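What follows is a short report on a single structure.
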Amino acid sequence: MPRTQASPRKAEHRWPAFAAIAVMLLLDIYSPPTFIPKIALIVTVGVLLIPLIVLNPHRLTRETRWSRWLSIGLALVLAIANQVDVVWIIHGLISGGTGGITVLWGALQVWVASVVTFALIYWELDRGGPVARGTLTRVQLQLADFKFPQDEDESSVAEVTKRSSTRSDWRPGFVDYLYMSSTNMMAFSPTDVMPLSSRAKLFMMLQSMTGFVLLALVIARSVNILA
């Protein structure tokens, strides 16, 4: 049964995204040094993240113009830092000046960070962001940047249709974007989620290229180490 005003949907919880950022920063602390000082990245993320947590400590129900730009800025800062680290790791993989195990561990950290940062970008951009998806009616949402399987399941069998966007008012959450980001990073192309907007296609293309280059160079370096 479609949702009604008598059964309002719950806004998305903040903590899945926060946990992903925390894991990414924890891995960064124990990874090899890169061009960006670790303390600088942690402080910058903290400065951007703390006001957002104060505004919405649990569920993402409130949004102002400054909080919207702050949350997008956080995702972009992490993405820029990640791409700088990608270039740094690529240089290390090509030059061979760093120990093999060290540079491979750094490549793993950068790979995980890429999955998280692009998931945050997709999460922030699609349909107006997490607050909009969790609080607005469907007709009030901005245009979708991605089409999920649930968005076209209304013609499937009954047990699948019940979970579709049309019947259950399903909206994607952070875990959905994290999964999409990880599959795009591994498959180098969309899998079950299709990009609809130009910006979504550009971000997914950049992520696919990052994943492909990292994997190719890691395999090449691993062969050299084993040889």
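Read in order, the letters of the sequence shown correspond to residues 1 to 227 in UniProt numbering. Ideal placement from N, C-alpha and C gives every residue a C-beta, glycine not left out. This one's a predicted model, so the numbers in the text were calculated from it and none came from an experiment.
By the Cβ criterion, the region 165–175 is not in contact with the region 107–117, since fewer than three pairs of Cβ atoms, one from each stretch, lie closer than 8 Å. Comparing alpha-carbon positions, the option among F174, L25, S182 lying closest to L78 turns out to be L25. Listed in chain order, the alpha helix (DSSP H) runs fully inside the region 141–217 are 158–161, 165–168, 174–187, counting runs of at least 4 residues. Per DSSP, reduced to three states, the secondary structure at R14 is coil, with no helix or strand assignment. In this structure, T61 lies near V131, with their beta-carbon atoms less than 8 Å apart. In terms of Cα proximity to V45, the closest of L70, A200, P57, T64 is L70. Contact between K147 and M209 does not hold, since their C-beta atoms are separated by about 22 Å, which reaches or exceeds 8 Å.
Residue I50 holds the alpha-carbon nearest to the alpha-carbon of F18 among P37, I50, T161. Taking a 10 Å sphere around the C-beta of S95, we find fewer than 16 other C-beta atoms and assign the residue as exposed. R127 carries a helical assignment under DSSP once its states are collapsed to helix, strand and coil. Residues of the same chain with their beta carbon placed closer than 7 Å to that of A22 are lacking, with the five preceding and five following residues left out of the count.
The beta carbon of I53 sits closer than 8 Å to those of R14, F18, all from its chain and outside the five residues before and after it, given in chain order.
When secondary structure is reduced to three states using DSSP, R9 falls in the coil class, being assigned neither helix nor strand. Counting C-beta pairs with one atom in each stretch, the region 113–120 and the region 130–144 have fewer than three that are closer than 8 Å, which means they do not touch. Taking the CA atoms as reference points, S31 sits about 7 Å from W105. The DSSP-derived three-state label of R59 is strand. The straight-line gap separating the alpha-carbon atoms of L215 and P190 is approximately 17 Å. The residue from D192, G129, T166 with its alpha-carbon nearest to that of R65 is G129. E12 is not a Cβ neighbour of R68, given a cutoff of 8 Å.
Just so you know, the alpha carbons of L74 and L48 end up roughly 6 Å apart. Assignment of P37 by DSSP, reduced to helix, strand and coil, places it in the coil class. Counted as a single uninterrupted DSSP element, the alpha helix (DSSP H) harbouring L93 occupies residues 65–95. Secondary structure at P32: coil, using DSSP grouped into helix, strand and coil.
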